[in-house]
Amino acid sequence: MIDALGRPQSLLLLGGTSEIALATARAWADARPVVTLAARPGAGRDQAVAALRSDGFEVEVVDFDAEDTDAHPALIEAIAAVRDIDVAVLAFGVLGDEEEAWTDHAAAVRLARVNYTGAVSVGVCLAAVVRRQGHGTIVALSSVAGERVRRSNFVYGSTKAGMDGFFMGLGEALREYGGAVLVVRPGFVHTKMTAGRPAAPLSVTADQVAASIVKGVADGSELVWVPPLMRGVMSGLRHVPRPLFRRLPL
Amino acid sequence: MSDRTQFRGWGRTAPVVASAVSSTPAQVGELLRGAGPRGLIARGLGRSYGDAAQNSGGQVLLPMSGEPHLEGDRVVAAAGTSLHDLMRYLLPRGRFLPVTPGTRYVSVGGAIACDVHGKSHHVTGTFGANIDGFDLVTPDGQTRAVTPGGDPELFWATVGGMGLTGVITSATLRTIPVETGWASVTTDRHDDLDSLMAAMREGDDAWTYSVAWVDTLSPGRSGARALGRSVLSRGEHARLDELDARRAHTPYPLPGDPRLGAPPGIPSGLVSRTTVRAFNELWYRRAPRHRSGELQTLATFFHPLDGVADWNRLYGPAGFVQYQLVVPDDAGEVVRDAVATLAASGHASFLAVLKRFGPANDGLLSFPMAGWTLALDLPARAGLAGLLDRLDDAVIEAGGRVYLAKDSRLRADRFAAMYPRREEFARVRDRVDPGRVLSSDLARRLDL
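Going down the list, the protein sequences come from chains A and B.
Per our numbering, residue 1 is the first one in the first sequence, and the count goes up by one each step.
Per our numbering, residue 1 is the first one in the second sequence, and the count goes up by one each step.
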């Protein structure tokens with residue numbers, strides 16, 4: 001159960017090796033949730049598990065591949081059979097090379113499969129669990145890149161726009177079943193996914209995103225921007241006329 | 001009948017959705033045998049603060065009411081009967097309940113399941129210690145007449161058992177004779193917690209009813225304002241010859257329905273440090289330094305908050321948490337530290353309530369034990385979780401516990417440390433409910 005102060009007893013991290021996912025678990029360390037870490041097998045996962053265990057978490061590990069959507073229903077059901085899923089964090093996603101993403105067919109399809117199809121697939125499976133449980137919060141990591149899709153990373157941005165819309169809608173659909181969806185729209189986050197790229201203005205750390213998730217779940221929020229100022233910035237950018245928008249260094 | 005309904009506790013936190021079901025006592029067995037995988041919990045009037053009377057994804061059985069009737073000096077009441085209705089029935093007949101909690105708007109079943117207490121605990125013990133027995137429907141479909149003599153194990157697992165041993169359908173309660181519906185009240189103001197606790201330690205035994213309200217916002221010994229200034233209120237049932245002519249006309253004033261109500265739509269943050277400080281100041285100054293023999297109606301004396309309907313809305317949509325601890329007599333410093341920590345933290349509690357308990361009973365999960373109990377109402381906001389976790393640890397260290405009827409945020413491992421008899425409780429459930437048909441969000445959260 002999520003307690004009166006918004007702290008879960010169980011935490012499912014999908015894409016559990018992501019720095020934001022791990023930072024989110026650590027931000028809830030006081031509540032000592034049982035963490036189910038779902039990720040592809042490998043050294044990255046082993047390290048993530050070891051790190052969480054050394055922080056005192058009880059960790060269970062499951063194999064998860066965002067692209068293998070056929071496996072998702074059974075996987076999510078198996079996790080839910082052990083204990084209630086209080087909070088599930090969808091932290092998987094690929095950024096890729098922006099130019100390759102629209103010129104290389106395989107790269108484009110993979111981005112769409114992981115970031116959009118995979119997210120929808122998992123979202124639908126989790127929704128079934130939440131409806132049955134009568135409670136539960138799904139945290140979907142979207143991006144400001146989906147708010148107004150721009151030339152520089154439009155394939156990534158379009159996948160985030162799609163998954164963002166799906167989860168905003170899912171939140172509405174789950175309300176009457178006692179469930180909640182928190183859509184998180186971070187700006188530029190300093191992680192290994194963005195390593196080597198020039199930081200955009202208003203950039204944040206994984207810990208800041210995690211803190212926003214913890215607060216958002218406690219407050220029952222449907223949407224949070226990280227940093228909060230991003231909301232105003234993107235709201236402005238959204239209305240910039242296209243000829244001008246095209247010239248902006250974004 | 002069954003439909004999807006949102007449930008939450010009196011603190012208005014952690015809403016979940018479950019099927020609300022109605023039943024007659026005779027049908028409860030069938031209902032239990034047909035309960036789904038997430039089980040069923042009986043709900044009374046929804047006055048437990050947290051998640052005790054909700055069952056996400058499962059079934060929540062709504063209260064079953066009925067007309068109470070006296071059998072000699074005992075009253076037989078359906079589990080869904082409110083203490084409000086029960087008192088309105090008993091008072092004109094010159095009788096009253098030996099134990100009444102801080103609100104009349106609780107059900108008989110809920111009062112047993114939470115083993116509630118009142119201002120008389122040091123004399124009478126808990127609600128559950130003042131009943132002859134109850135009818136309990138267990139998940140095998142049987143209705144069992146449970147008494148402390150007949151099946152002490154099941155009786156003392158059910159008293160305080162948070163509804164997890166079966167569904168209580170009716171109970172037989174002891175009553176006491178009262179000459180009037182008035183209380184004769186003596187009030188004393190204390191400048192600090194030390195003087196209050198000394199007065200309670202020395203004087204409480206001479207009174208049937210005793211409780212103190214403590215200001216948790218007075219910051220400590222800076223000038224005249226001291227840590228934990230407080231008002232101690234003690235009383236007895238007034239005798240007929242104590243009433244003046246006017247009151248003698250209505251020797252049994254009946255508790256009425258609330259005349260005031262908190263409107264919906266109040267934002268979070270109304271109950272803040274500033275407003276609570278202002279309220280506490282007024283309330284403290286209003287109290288006399290010493291006054292004795294003041295006549296108050298039983299409703300005013302026992303249930304001051306019942307005058308305002310839905311007062312829980314004052315905390316806004318974020319809701320609030322009530323934290324009630326008990327520590328043994330020799331651990332009074334935990335109370336002092338709790339008040340000091342709170343005063344320093346910026347988390348504002350409306351009047352905290354302090355009381356001295358008498359000895360514990362045999363209830364496996366019953367809350368009261370000999371010592372000090374302190375209850376705090378705190379708006380749910382950032383930083384509160386860590387503060388209460390630290391209080392939990394101090395309470396465990398002192399050999400105390402927190403009250404499950406109020407709880408909404410305790411962690412399972414700390415619960416286990418506070419309630420060592422939970423294993424005996426689990427064994428009783430193995431006997432009467434091996435499939436764990438009876439379940440609640442509190443049970444899930446505490447791994448109970």
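By construction, the Cβ of each residue, glycine as well, lies at the ideal position given by its N, Cα and C atoms.
Bear in mind the structure is a predicted one, so any value in this text is a computation, not a measurement.
- Message: Using CA atoms only, rank isn't needed, just tell me which of PRO139/B, SER107/B, TRP10/B and PRO304/B is closest to ARG33/B.
- Response: In the second sequence, the residue the question calls residue 33/B occupies position 33. Of PRO139/B, SER107/B, TRP10/B and PRO304/B, the residue nearest in Cα terms is PRO139/B.
- Message: Determine whether the beta carbon atoms of ALA145/B and GLY133/B lie at a separation below 8 Å.
- Response: If you number the second sequence from 1, residue 145/B lands on position 145. If you number the second sequence from 1, residue 133/B lands on position 133. Yes, the pair counts as a contact, with Cβ atoms nearer than the cut-off.
- Put THR208/B into one of helix, strand or coil per three-state DSSP. Position 208 of the second sequence, counted from the first residue, corresponds to residue 208/B. Taken through DSSP and simplified to helix, strand or coil, THR208/B comes out as coil.
- Task: Could you tell me how far apart the beta carbons of VAL87/A and PRO201/A are, in whole angstroms, since I believe they sit closer than 8 Å?
- Result: Position 87 of the first sequence, counting from 1, holds the residue named residue 87/A. Position 201 of the first sequence, counting from 1, holds the residue named residue 201/A. About 30 Å separates the beta carbons of VAL87/A and PRO201/A, which is beyond the 8 Å limit, so they are not a contact pair.
- VAL155/A: which of ALA48/A, ALA108/A and PHE167/A sits nearest, CA to CA? On the first sequence, residue 155/A is found 155 positions in, with the first residue counted as 1. Closest in C-alpha terms to VAL155/A, from the list ALA48/A, ALA108/A and PHE167/A, comes ALA108/A.
- Message: I need the boundaries of the beta strand (DSSP E) containing LEU111/A, first residue and last residue.
- Response: Counting from one through the first sequence, the residue named residue 111/A turns up at place 111. For LEU111/A, no beta strand (DSSP E) run applies; the uninterrupted alpha helix (DSSP H) run containing it begins and ends at 105-111, by DSSP.
- Pick helix, strand or coil for SER48/B, following the three-state DSSP scheme. Here the question's residue 48/B lines up with position 48 in the second sequence. Note: SER48/B maps to coil in three-state DSSP.
- Item | Contacts that ARG411/B makes with chain A (C-beta to C-beta distance below 9 Å) | The residue given as residue 411/B occupies position 411 in the second sequence. Result: ASP3, ARG7, GLN9, ASP30, ALA31 and ARG32.
- Task: Output yes if chain A places a C-beta closer than 8 Å to the C-beta of VAL437/B; else output no.
- Result: Looking up residue 437/B in the second sequence gives position 437. No, VAL437/B lies away from the interface with chain A (no Cβ there is under 8 Å from its Cβ).
- Query: On the three-state DSSP scale, how would you describe TRP283/B?
  - Reply: On the second sequence, position 283 is the one that residue 283/B refers to. TRP283/B: helix per DSSP, three-state reduction.
- Query: Does DSSP put GLN9/A in a helix, in a strand, or in coil?
  - Reply: Here residue 9/A corresponds to residue number 9 of the first sequence, with the count starting at 1. The answer is coil: DSSP assigns GLN9/A none of H, G, I, E or B.
- Message: Looking only at its chain, what residues have a beta carbon closer than 6 Å to the beta carbon of GLN6/B, apart from the 5 residues adjacent to it on each side?
- Response: As a working mapping, residue 6/B is identified with position 6 in the second sequence. Excluding five sequence positions before and after GLN6/B, the CB atoms of its chain that fall closer than 6 Å to its own CB belong to PRO15 and VAL17, given in chain order.
- Item | Assigned exposure category for GLY332/B - 16 Cβ within 10 Å defines buried | Residue mapping note: residue 332/B aligns to position 332 of the second sequence, counting from 1. GLY332/B comes out buried.
- Message: Quick check: what's the CA-CA separation for ALA296/B versus VAL308/B?
- Response: Position 296 of the second sequence, counted from the start, is the residue given in the question as residue 296/B. Position 308 of the second sequence, counted from the start, is the residue given in the question as residue 308/B. The sequence given here has Gln at residue 296/B, not Ala. If you take the alpha carbons of GLN296/B and VAL308/B, they lie about 17 Å apart.
- Query: Nearest chain B C-beta to HIS72/A closer than 8 Å, yes or no?
  - Reply: Locating residue 72/A in the first sequence gives position 72, where the first residue counts as 1. Not a single C-beta of chain B is nearer than 8 Å to the C-beta of HIS72/A.
- Message: Measuring only the C-alpha atoms, how far is TRP311/B from VAL75/B?
- Response: Taking the second sequence and counting its residues from 1, the one referred to as residue 311/B is at position 311. Taking the second sequence and counting its residues from 1, the one referred to as residue 75/B is at position 75. Their Cα atoms are separated by approximately 30 Å.
- Message: By the three-class DSSP mapping on this structure, what secondary structure does LEU37/A have?
- Response: Along the first sequence, read from residue 1 onward, the residue named residue 37/A stands at position 37. Here LEU37/A sits in strand by DSSP.
- Task: Tell me the start and end of each unbroken alpha helix (DSSP H) in the segment 201-237 of chain A that is at least 4 residues and wholly inside, in chain order.
- Result: Here the runs fully enclosed are 206-219.
- On the three-state DSSP scale, how would you describe GLU58/A? Numbered from its first residue, the first sequence carries residue 58/A at position 58. Collapsing the DSSP output to three states places GLU58/A in coil.
- Query: What is the rounded straight-line gap between the Cα of VAL59/A and the Cα of VAL35/A?
  - Reply: As a position in the first sequence, residue 59/A is number 59, starting the count at 1. As a position in the first sequence, residue 35/A is number 35, starting the count at 1. Cα-Cα distance, rounded: 5 Å.
- Query: For LEU232/B versus ALA199/B, is the C-beta distance shorter than 8 Å?
  - Reply: As a first step, residue 232/B must be located in the second sequence, where it is residue number 232. As a first step, residue 199/B must be located in the second sequence, where it is residue number 199. A Cβ-Cβ contact shorter than 8 Å links LEU232/B with ALA199/B.
- So is GLU176/A in contact with chain B if we call contact Cβ pairs under 8 Å? Along the first sequence, one-based indexing puts residue 176/A at 176. It does; some Cβ of chain B falls within 8 Å.
- Query: So who's on the other strand from ALA140/A, going by DSSP bridges?
  - Reply: The residue labelled residue 140/A in the question sits at position 140 within the first sequence. Partner(s): LEU90/A and VAL183/A.
- Item | Among GLY187/A, VAL130/A and TYR177/A, the one whose alpha carbon lies nearest that of LEU146/A | Here residue 146/A refers to the residue found at position 146 of the first sequence. Note that residue 146/A is Gly in the sequence shown, not Leu. Looking at the Cα atoms, GLY187/A is the closest of the given residues.
- Query: By how many angstroms is the C-alpha of VAL214/A removed from the C-alpha of TRP28/A?
  - Reply: For this step, residue 28/A is matched to residue 28 along the first sequence. For this step, residue 214/A is matched to residue 214 along the first sequence. Rounded to the nearest angstrom, the two C-alpha atoms are 7 Å apart.
- In angstroms with no decimal places, state the Cα-to-Cα distance between ASN280/B and SER268/B. Within the second sequence, the letter at position 280 stands for residue 280/B. Within the second sequence, the letter at position 268 stands for residue 268/B. Cα to Cα, ASN280/B sits roughly 19 Å from SER268/B.
- Query: Counting along the chain, where does the alpha helix (DSSP H) carrying PRO243/A start and finish?
  - Reply: For the purposes of this step, residue 243/A is identified with residue 243 of the first sequence, where counting begins at 1. Unbroken alpha helix (DSSP H) run through PRO243/A: 242-247.
- Round the Cβ separation of LEU13/A and ALA21/A to the nearest angstrom and send it over; I've been treating them as touching at under 8 Å. Position 13 of the first sequence, counted from the start, is the residue given in the question as residue 13/A. Position 21 of the first sequence, counted from the start, is the residue given in the question as residue 21/A. The beta-carbon separation of LEU13/A and ALA21/A, rounded to 4 Å, stays under the 8 Å limit for a contact.
- Message: With a threshold of 8 Å between beta-carbons, can SER56/B be considered close to chain A, or not?
- Response: The residue you call residue 56/B lines up with position 56 of the second sequence. Against chain A, the CB of SER56/B has a partner CB under 8 Å away; the residue lies at that interface.
- Message: Mapping the DSSP letters down to three states, classify TRP10/B as helix, strand or coil.
- Response: The sequence position of residue 10/B within the second sequence is 10, counting from 1. Secondary structure of TRP10/B (DSSP, three-state): coil.
- Message: Output needed for MET168/A: all residues of its chain with C-beta closer than 6 Å, excluding positions within five of it in sequence on either side, in chain order.
- Response: Taking the first sequence and counting its residues from 1, one reaches residue 168/A at position 168. Here MET168/A has VAL183 as same chain residues with Cβ atoms under 6 Å from its own Cβ, once five neighbours each way along the sequence are excluded.
- Query: With C-beta atoms as the reference, is GLY228/B less than 8 Å away from VAL327/B?
  - Reply: Taking the first residue of the second sequence as 1, we reach residue 228/B at position 228. Taking the first residue of the second sequence as 1, we reach residue 327/B at position 327. Against a cut-off of 8 Å, the Cβ pair of VAL327/B and GLY228/B comes out as no contact.
- Query: Rounded to a whole number of angstroms, what is the C-alpha to C-alpha distance between PRO264/B and GLY46/B?
  - Reply: Counting from 1 along the second sequence, the entry for residue 264/B is found at position 264. Counting from 1 along the second sequence, the entry for residue 46/B is found at position 46. So the alpha carbons of these two residues sit roughly 18 Å apart.
- Query: From this set, ASN115/A, SER10/A and ARG132/A, which residue's C-alpha is nearest SER142/A's C-alpha?
  - Reply: As a first step, residue 142/A must be located in the first sequence, where it is residue number 142. Answer by Cα proximity: ASN115/A.
- Item | Status (buried if at least 16 other CB within 10 Å, exposed otherwise) for ASP433/B | One-based indexing of the second sequence puts residue 433/B at position 433. The residue in question, ASP433/B, is buried, as its Cβ has 16 or more Cβ neighbours within 10 Å.
- Message: I believe ALA79/B touches ALA405/B by the beta-carbon criterion, under 8 Å. Please report the beta-carbon distance rounded to the nearest angstrom.
- Response: The count along the second sequence starts at 1 and reaches residue 79/B at position 79. The count along the second sequence starts at 1 and reaches residue 405/B at position 405. At roughly 16 Å, the Cβ-Cβ gap does not stay under 8 Å, so ALA79/B and ALA405/B are not in contact.
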